Every structure is written in C-alpha cells, then in structure tokens.
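In order, the protein sequences belong to chains A and B. Add 157 to a position in the first sequence, counting from 1, and you land on the number used in the numbering used here. Add 157 to a position in the second sequence, counting from 1, and you land on the number used in the numbering used here. Here is the structure we will look at, set down as structure tokens.
Protein chains: 2
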Amino acid sequence: MASPDLAAHLSSLLPSSHPQLRDQVLPKLLACIHDIANTLRTSPSVTQIGTANAFGDNQLNVDVLAEGCIRKTIASCPSIVTASSEEDPIEKASTPSSSPGDEKYTLAFDPLDGSSIIAPNWSVGTIIGIWDSTSALHQPPSTHQIAAILGVLGPRTTAIVALRLPGTQGTCFEIGYSAAGTMQVVRPNIKLTDPTALKTRYFSPANMRAAADEPKYLHLITRFVKEKYTLRYSGGLVPDVVHALVKGHGVYISPVTAQSEAKLRRLYELAPIALVVECAGGVALDSATGDRVLERCVRDTDERGGLICGNGDEVEQVRRALIEG
Amino acid sequence: MASPDLAAHLSSLLPSSHPQLRDQVLPKLLACIHDIANTLRTSPSVTQIGTANAFGDNQLNVDVLAEGCIRKTIASCPSIVTASSEEDPIEKASTPSSSPGDEKYTLAFDPLDGSSIIAPNWSVGTIIGIWDSTSALHQPPSTHQIAAILGVLGPRTTAIVALRLPGTQGTCFEIGYSAAGTMQVVRPNIKLTDPTALKTRYFSPANMRAAADEPKYLHLITRFVKEKYTLRYSGGLVPDVVHALVKGHGVYISPVTAQSEAKLRRLYELAPIALVVECAGGVALDSATGDRVLERCVRDTDERGGLICGNGDEVEQVRRALIEG
C-alpha cells in the first residue's frame, strides 16, 4: 500500500530493527487514515445514531465506521496483540493471535476526534498511539509508547507521524495522500521552534469558558490578546495541534481549574499528542501539575488530564502563568 | 450534473421565472464546488507559487486552480455576462456573449478563501455572489444580488445556497455531494434563531489582536468568556459563518477600529455572506456603522468593510457593545 517514498523514509528510520512496525503496522495504519477520510467524505448527511459511547458523548454514525476501519487494519497485523479505543475503552487481545517470532504492540486510538465540529464540516482527526508492549496501561509512556499517528481529515488528507525508539531523539514527519491513497512524505522533519519577534504568534485556548471562574486563565488570555497573538481555535484537538506543527510554532492550552475538570483522555488523546509534540522538539505538559505528560503512567483507560503544548518558550510562559501565576 | 433532488428543489423555488438561473447557473456553479474540492484534495503538497494576487496576498497554486474551475463554468453559462473575482478584481464581459433572449447575471467570487489555513489542512471555502444585472457595482445589493453560494471544502464537500428574488423572503439550504459529485439537499431550510438559555452559545471573534487597542472589543470578548460562550474561530470566513448556520445560532465579529482597518472585501466576501445570513433569518451588519451590509452599494471591487452577523439577538448585543458601547 505504501508508495516507495514512504517505505524508503521508514527504512531510513528503522533500517534493521522493528521490521513488522516498519513494513506492516505503520504503513497499514497510515493507509487506514485514507480509508477513514473516504468514509467520512462519502457520508454527505452526517446523522447521529442516537446512542452514546462509553464516555457519554453523542456517537455519530461516522465514529462507528472509523472504528471499524481501524479494527479491520488491526486484524490484518498479527504483531498488534492488544487494542482499545475511545469507542470501546477496554484493552482486548486481538485476533488472530501473534506467532512466537512476532513483535508485540498495543494500540490505543480515538477513531474520530472532534464530533461537535463534524456537522459544520470543519477538519477533524484520528489519533493513534502505538505501544511496544502487550498493554498501554501501567507502562512508562516516555519509553513504551514508541510511535503515534495524527490523521487530519480536512480538504486534503494528511497525517503526522512520530517515532521514538528508547534512547533516540525521535522524529516527526508529515505525509500527504493522492486521490488513490498513495502516500508521500511531504514534510520529512517537522520542528517546533520558538518564534522570533517578527513572526506572527499563535495561541489556541481550549475551554475558554473555564476563564470565567479562573482569573489566572482569564489573565493569560487577555495577555495573549494584548500581545497581539493570532487566535486559531477550531475546537478539534488534532487540527489545533497540527496547526502549530505545520506553522512551526504555537501554543495549545487545555486548562484544569477548580470549577472545570480535566477533559482530555490520557490514553487516547494526551499521550499520542505529547509524543508527536516532543518528537517535533516541543514540550507537552500536564496543565494541572506542570509535569511532563509522558512522565506519568496511564492507570485507567478513562483517566483524564489537561495539556499545555507547543514550542518550549511559549509553553513555559503558560506554565508560569497558570501554575505559578 | 444535478441529482433530481437538487433539480426538484430548485424547481420548487423557481417554478416559472429565471429558467437559466435554475437550470444552468446554480447547478453548474454548485457542481464546480465539487471540482474545486477535488482539485484541492489531489494537491497533497500545497505550494506557494511566489506571486501575489492583486491585493498583495500570497497566492497558492490551488487559488489559481480554483479560479480556473469557476472561469470554465462561467464560459459554459451564456447568461453569466460579467464576472470578477478576488484573484482578478476587474469586471469583464464573459465570452461567449449572451443571446438576446438570455437572462443576464454578473458573478463576483472568491475562489478559495482562507489561504493561511490551507497548509495545516483546515476547512476553507469558496464564496460566490450572483447579481441580476450586467454589473455588481453601484447596484443596491439588497435587490440586485439575488443568490449566493458558500462552498465548504472540508472532510466532506458541502455548500450553502441562498436565493432571494426581489419581494420574497428568501431561502437558505445546504447541499451535500456524493464521491462522484451527485448533489443532495441535506438541509432544505436553514434558520438562525436566538438560542434559549439552556443552549450552548457560540462566538467567533475575528482579528482579536484589534482588542489590544480597542477597549470596547476587549470588553466584549471578556464578557463572552464570563458568560461562558463557546469559542469557535478557525480564521476561515466561510467555515466560521457556516458553523453558526449549521448549529442554528452563533455570532461572528470582524471589527473595525481606529488602529485596525476593515478587512473583508464588500463584493467578494461581505455581500454574499450577508445574503446567506439574511436568507437564513439572521442579521448582517457593518461593524463600523451598525448599518445593514446589504443597504450599501459597492462602489469599487477592492472596497472593504467590517461585519457582525448571526442570529438577531446576539448581533444586536454586539452592535450595542461595539458601536454604542
């Protein structure tokens, strides 16, 4: 399924180790992003099927279809031995079971993130974390989550891939898709760097309602306005974070306050996003504690957290304002 | 190209008058939105071609391709006698010229609005105003701009159509496209209504940087935060306004302040957006004067203005805050 271009890039990153990750898991999951995009594209009338998923969200028919695309891909990769998703948040062994010589990976994924902005036809995303283990729970994310994919389902289909084997710096790249699904590496080396004084600076403040009860957050937003930052906030976690990755800088904030609890799922949202941001040279912190997101093991599939992520300088400014403030 | 569904809907709206508008101009322009979406979709690597358009924006290769799609459609509709666009802002007679019995329309269009968010793969739009005249300039927009199309180029392709013949209330509907381009009316009657106390309320504040120098705008934004409105601001005019249309309520604000001049082009952006919002039962005001956008003739293709639009109650609150404030 992969074009020589993607295959060549993956071979240069993984010349000898992890052959099943390189030749099957990553190319097949990336091909699956294109299938999900096609499924969404050919659903001209997006309807709510009237059921709620395990977290109580309204579930759209396209959520179920996207979940099906990824489950089908999992069934075709024997080295993916365990999987869970936001739609079905219980870790389960995959069938068919792996052979003794296989690598063993666990997938944790959110098949279609951004339900509230599907109806107005705004860009949404797919989030996948790949763990080098038979479970994603109670494992140190910084060493055991070795890859992540953010699929961007927009006017085009694109995907951001992060890969970091233990002991390496990690790498982050973007792929584009042709109409037929052929994959090309369009940005081989994504880097988040601190903007210079001349650059437009971007901020993406999630849950701005929380600022009504939290003066530190209100003060921070007012400061961004006064310093003439440009606002970009779609309300879709994937497009909002990918905006910074493609522009090369920016800061995304999902606060946790006394009146507003943590919203993002550690396993399906925070951990993969944090790996991508770190592999691009950025910083991803828990907005409640200021700790690195990837320092903390995930204990439960429904565990939540807050997030500050982006280029280092601006994340540090937000950390000081919200936590030391 | 039109499915019986779209054709039937247009026939019910225009049973006897304007046959060329009903049978050619609207169906062909709507089919063209699908062509533009395909063009954007199959440009995996979006590049800047290094030229600037007449307004000094950076022009992307996809802007040029989208302009070409619409110009080709114009050439196939003899009743479109004049056209100008943001890319080529001079009103020119179309070829082939019309026959004596033809209806006579002028098109004013922005082929691809939202250049700055194309690279991160966020939804963007196409804006088309259709004028029942041989020019769009120096004509009262409220009576002479009789139709408008907002194409939404996102994970799906959708379009909002507004139609208002002089003396009628006007109507606003949404169409969806199959993968092959077949068009279906998915929302036959879009209405903006004032939200009840229980509903989530949305605001979309453009150019928030202007609040740094304009206390009225900063105060308004702070009030929205304190009243726990939900922020949705992509920076793309079409997706931002369509968000309100699809949710049924919401307010979009593009301010004009002493330090920040008007940004939106009256001919290519303000007039078509205002027609769509009014046909959906909403209100579209000039944010500098508080006057109805469609009350004022467009004198020049580069003329700019500010905008407050959405459901009536919230537009009125913003008008009071920014103009009477």
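Quick reminder that beta carbons are idealized off the backbone N, C-alpha and C, glycines included. Quick caveat: nothing in here was measured; it's all calculated off a predicted structure.
{"query": "Boundaries (first-last residue) of the alpha helix (DSSP H) holding A/K185", "result": "L183 to R198"}
{"query": "Run of the alpha helix (DSSP H) containing B/V398, from where it starts to where it stops", "result": "L394 to K404"}
{"query": "Start-to-end residues for the beta strand (DSSP E) that takes in A/C329", "result": "T328 to Y334"}
{"query": "Distance CB(B/A223)-CB(B/T196) smaller than 8 Å", "result": "yes"}
{"query": "Helix, strand or coil at A/T208 [DSSP, three-state]", "result": "Confidence is the limiting factor: at A/T208 the pLDDT is only 48, short of 50, which leaves the residue's position unreliable, though a coordinate-based value still follows. Reduced to three states, the DSSP call for A/T208 is strand."}
{"query": "Proximity test, Cβ basis, 8 Å: B/P484 and chain A", "result": "Nothing in the structure corresponds to residue 484 of chain B, since chain B is present only between 158 and 482."}
{"query": "Secondary structure, beta strand (DSSP E): runs of 3+ residues fully inside the region 239-304 of chain A", "result": "245-250, 262-270 and 281-288"}
{"query": "Three CB pairs or more closer than 8 Å across the region 402-417 of chain B and the region 349-356 of chain B", "result": "yes"}
{"query": "Stretch-stretch touch, CB-based, cutoff 8 Å, three pairs: the region 436-456 of chain B with the region 468-481 of chain B", "result": "yes"}
{"query": "Simplified DSSP assignment, three categories, for A/P352", "result": "coil"}
{"query": "Closer than 8 Å to chain B by CB, A/Y390", "result": "yes"}
{"query": "Any C-beta of chain B under 8 Å from that of A/N278", "result": "yes"}
{"query": "Buried versus exposed call for B/Q302 [16 or more other C-beta atoms within 10 Å across all chains shown]", "result": "buried"}
{"query": "B/R344, DSSP secondary structure in three states", "result": "strand"}
{"query": "Proximity test, Cβ basis, 8 Å: B/L186 and chain A", "result": "no"}
{"query": "Meets three-Cβ-pair contact criterion under 8 Å: the region 390-400 of chain A and the region 374-382 of chain A", "result": "no"}
{"query": "Chain A within 8 Å of B/T315, Cβ atoms only", "result": "yes"}
{"query": "CB contact below 8 Å: B/T414 versus chain A", "result": "no"}
{"query": "DSSP bridge partner residues for A/A441 (one or two, in chain order)", "result": "A/C466"}
{"query": "Start and end residues, beta strand (DSSP E) containing B/V318", "result": "T314 to L320"}
{"query": "A/P372 - containing alpha helix (DSSP H), residue span", "result": "P372 to K383"}
{"query": "Contacts that B/L310 makes with chain A (C-beta to C-beta distance below 9 Å)", "result": "N278, G311 and P312"}
{"query": "Spatially closest choice to A/R198 from A/C189, A/C466 and A/G311, by CA coordinates", "result": "A/G311"}
{"query": "Touch test, the region 231-247 of chain A against the region 265-284 of chain A, Cβ-Cβ under 8 Å, three pairs minimum", "result": "yes"}
{"query": "Per-residue contacts from A/H400 into chain B (C-beta, under 8 Å)", "result": "I274, P277 and W279"}
{"query": "Burial state of B/G462, where buried means 16 or more other Cβ atoms lie within 10 Å", "result": "buried"}
{"query": "Supposed contact pair A/T315 and A/E331 - C-beta distance, whole angstroms, cut 8 Å", "result": "6 Å"}
{"query": "Where B/R380 meets chain A, residues with beta-carbon distance less than 8 Å", "result": "Correct list: empty, because the minimum Cβ distance to chain A is about 10 Å."}
{"query": "Min CB distance B/K420 to chain A below 8 Å", "result": "no"}
{"query": "A/Y359 versus A/Y386 - alpha carbon distance", "result": "5 Å"}
{"query": "Contacts around B/A159, its chain only, beta-carbon distance under 8 Å, and the 5 residues preceding and following it disregarded", "result": "Confidence is the limiting factor: at B/A159 the pLDDT is only 44, short of 50, which leaves the residue's position unreliable, though a coordinate-based value still follows. Once the five neighbours on either side are set aside, the close Cβ partners of B/A159 are L167, P184, L187, A188 and M340."}
{"query": "Straight-line Cα distance separating B/G271 from B/I206", "result": "For B/I206, the predicted structure reports a pLDDT of 44, less than 50, and the residue's modelled location is therefore unreliable. A value from the coordinates is still provided. Their backbone Cα atoms lie some 16 Å apart in a straight line."}
{"query": "N- and C-terminal bounds of the beta strand (DSSP E) containing B/I480", "result": "Careful: B/I480 lies outside any beta strand (DSSP E) and carries neither H nor E."}
{"query": "The alpha helix (DSSP H) enclosing B/P429, as first and last residue numbers", "result": "A428 to C436"}
{"query": "Burial state of A/G439 (16 or more Cβ within 10 Å)", "result": "buried"}
{"query": "Below-8 Å beta-carbon distance, A/V403 vs any chain B residue", "result": "yes"}
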